[in-house]
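In the numbering used here, the protein residues as written are 91 to 569. Note that beta-carbon positions come from the ideal geometry of N, C-alpha and C, so glycine has one too. Keep in mind the model is a prediction, meaning the values are calculated, not measured. Structure, as structure tokens:
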Ligand code: NAD
């Protein structure tokens, strides 16, 4: 059923091949009878060239805010002009915390997996994790990147995965993490996922270690339905997965935020193909299919998706997918899809509106918290036994005790044979207090830092806390 009132959607044609693929997409959407009015806006290179360093002008931001849904062509990251990526500006402005990447086998697109029935969706957390981009070179030889994972972020992405599964009548959600190693960060997603799963008893839920997930995705991808992951794992495995069904030309995506959703092809502006009428518009068309479902225009979405499948099944392919076979231009491919649209009118679909109203934060509150020690990271190549002796002498008449030294997470003092190790100039010194403190603990830490600093340069300090008597820090290997 076509809604009587047209919905206004912000349309950003984008850079490079963007205008060609958005034009093709709009023609198909219109031919499918979708009730949409486009509000065309600028972003990317044209804006950078006007001197706006964010790449996204106010009119475009206002339009997305007003319409709450956008279809976006690829935006090139400036080299030599402008400063930022317009894509990152949009992601940050609208806090699109969830990236949804469907991976579906397309008939006629030859891959080693053809016929296996791959039809999975990767739900990737999009704003936390290592991609917060908080990095420091702590010594001239050692760099650090902070992996920040929040309970709220995990709940939102886990709920998005289950709600998306529900909206597509899918039966299974996997959560892929590295919780076996990173128990506090990756483990937080695992634990939150298991808690959220209780609200969805009709959907199977499983945890899988992410490296096994990568292996299984290559070996037996058809076993997966929805997979939710933290940012970096999702980044890597979603690219791997799109290669299973034909690559960038066939990879659509949706970026979901609390206030707005932005749909776009996964690929970039492919500048060398711009204006050549050769590019494959399928990824953009399928992103528009996701958009149509997001706004509840299911019949139009179904029609477009079916027409794309029929066209490909007839062997009508653009150059990237044709291999040695003849191929058609972007415009002929578009016309073939419009032709296929007229051949059949599918009347069933499995989709329901995505309901994100249940996303809520459950802040964990603790009754009691203590500081039981501190990790001080120092820069030195001294032998651990010499560091240990020096630090023990420094804290002799204080409340602090040197518990251990570790290098890259491996205990190297006390009583450790390091003859097989090649240490780096980055040593963690773990000090504990003779009893837990909360008051005055900052003063104690500052005076400890002052004495340690007389002998070794330190570059990083971390309090060791307990929340309701549970240690809120990891142990060193062998410590
Ligand atoms: P790209 O995805 O633009 O292109 C890489 C190659 O993949 C192309 O040369 C082409 O061979 C192939 N390809 C990509 N899309 C295709 C399609 N639809 N049909 C057929 N072949 C296709 O990646 P890039 O060259 O690394 O990046 C070019 C620009 O795009 C850069 O400025 C980059 O920052 C930007 N970019 C933007 C986005 C986005 O807007 N979301 C995403 C990625 C890259």
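Exclusion of the five residues before and after residue 154 leaves 100, 160 and 350 as the residues of its chain whose Cβ lies within less than 6 Å of its Cβ. For residue 214, the number of other beta carbons within 10 angstroms of its own is at least 16, and it is reported as buried.
Taken from the Cβ of residue 336, every heavy atom of the ligand NAD lies 7 Å or farther away. Residue nearest to residue 217 within the set 182, 230, 210 and 192 is 182 (criterion: CA-CA distance). For residue 287, the three-state secondary structure derived from DSSP is helix. Residue side-chain check: residue 165 places its Cβ nearer than 7 Å to a non-hydrogen atom of the ligand NAD. Note on geometry: alpha-carbon atoms of residue 377 and residue 103 lie some 13 Å from one another. At least one heavy atom of the ligand NAD falls within 7 Å of the beta-carbon of residue 410.
If only complete runs of 4 or more residues are kept, the region 365-445 shows the alpha helix (DSSP H) at 372-384, 388-403, 409-412 and 420-433, in order along the chain. DSSP lists no bridge partner for residue 221. Collapsing the DSSP output to three states places residue 138 in a helix. Remark: three or more beta-carbon pairs, one from each stretch, lie closer than 8 Å, so the region 459-467 and the region 544-560 are flagged as touching. The region 296-353 is shown to contain whole beta strand (DSSP E) runs of 3 or more residues at 316-319 and 342-346, in chain order.
For the set 313, 430, 516 and 133, the Cα lying nearest the Cα of residue 203 is the one of 313.
Separation of the CB atoms of residue 266 and residue 298 is rounded to 5 Å, and the pair is thereby assigned contact status at 8 Å. When C-beta atoms of the region 102-120 are compared with those of the region 368-375, three or more pairs fall below 8 Å, so the two segments count as touching. When the Cα atoms are used, residue 406 and residue 513 turn out to be separated by approximately 59 Å.
With 16 or more other Cβ atoms inside 10 Å of its own Cβ, residue 474 counts as buried. An exposed status is given to residue 509, since fewer than 16 other beta-carbon atoms sit within 10 Å of its beta-carbon. Placement of the Cβ of residue 486 at a distance of 7 Å or more from every heavy atom of the ligand NAD is found. Ranked by Cα distance from residue 95, the options 429, 387 and 532 are led by 387.
When the Cα atoms are used, residue 323 and residue 331 turn out to be separated by approximately 12 Å.
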